[in-house]
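This report concerns only the one structure given below.
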Amino acid sequence: MKLKTAALILLGFLSHSSFAQFRKYSNEFLNIGAGARGLAMGSAQVATVQDGTAGYWNPAGLTGVKDHGNVNAMHAEYFAGIGKYDYLSVAIPTSGNKRTIGLSALRFAVDDIMNTLFLVEPDGSVNYNNIQAFSSADYAFIFSLAQKLKESSNKNIDFGRPGVLD
Numbered sequence: 004m005k006l007k008t009a010a011l012i013l014l015g016f017l018s019h020s021s022f023a024q025f026r027k028y029s030n031e032f033l034n035i036g037a038g039a040r041g042l043a044m045g046s047a048q049v050a051t052v053q054d055g056t057a058g059y060w061n062p063a064g065l066t067g068v069k070d071h072g073n074v075n076a077m078h079a080e081y082f083a084g085i086g087k088y089d090y091l092s093v094a095i096p097t098s099g100n101k102r103t104i105g106l107s108a109l110r111f112a113v114d115d116i117m118n119t120l121f122l123v124e125p126d127g128s129v130n131y132n133n134i135q136a137f138s139s140a141d142y143a144f145i146f147s148l149a150q151k152l153k154e155s156s157n158k159n160i161d162f163g164r165p166g167v168l169d
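The sequence shown lines up with residues 4 to 169 when you count with this note's numbering.
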């Protein structure tokens, strides 16, 4: 009886770990990050962000944007310049600095991919004029709203809510 129980437990562990080995890569570009500071901190930015990149990391941090707002832009290249990642955000506080609205745009693209489908003519000759270039890009837009719920000398409570369009 103990042998059967041990075998069932072992089988359960093996089947559970096999599910963990498969990853899904849909919208994986959303996990890259935003802003040089956040990338340099290894994504620890979630707890400390107080600028316009908060729309990506932690929308409640948008309440740290004061007065005239904040604009952030980032460009990074991956795989020796083949993949290009762009990030742009705008954070605008409302009157009284109680609420802040943020809009972020992300783009990951591979540009100038050569399409050689029509390189060879029907007669077998090669025609290099038939090569066309195209791009493949993924876009995402994040709309965020943050509000100060309670502000005192020793405690602040902020609330933020993102909405993602991709």
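C-beta: ideal position from N, C-alpha, C; glycine also.
So the candidates are the options; which of them puts its Cα closest to the Cα of residue i?
i	options	result
Y88	I104, K69, F111	F111
E154	T56, G55, R102	R102
G86	K151, L109, L120, V113	V113
D70	N133, D54, N118	D54
E80	V129, I134, F32, G163	F32
N118	I160, G45, N132, S29	N132
I134	L120, A140, G45	L120
G163	V49, I35, S29, V123	V49
N30	L122, F82, L109, P125	L109
Could you pull the DSSP bridge partners for residue i from this structure?
i	result
F137	I116
H78	D89
N34	Paired residues: none, contrary to the question.
A108	L91, F144
T103	P96, A149
V129	V123
N61	BP columns for N61 are empty, so no partner.
Can the beta-carbon of residue i be found closer than 8 Å to that of residue j?
i	j	result
S107	G58	yes
M77	A37	yes
I65	S147	The identity of residue 65 in the sequence shown is Leu, whereas the question assumes Ile. Taking 8 Å as the Cβ cut-off, L65 and S147 qualify as a contacting pair.
S56	N75	In the sequence on display, residue 56 carries Thr and not Ser. Taking 8 Å as the Cβ cut-off, T56 and N75 qualify as a contacting pair.
Compute the beta-carbon to beta-carbon distance between residue i and residue j, rounded to the nearest angstrom, for a pair I have assumed lies under 8 Å.
i	j	result
P62	A143	Not really, about 15 Å apart at Cβ, beyond 8 Å.
I104	A136	Not confirmed; about 38 Å, so no contact.
G72	A94	6 Å
I145	L152	Their Cβ separation, rounded to whole angstroms, is 21 Å, which puts I145 and L152 out of contact at 8 Å.
W60	V68	About 13 Å; that fails the 8 Å criterion.
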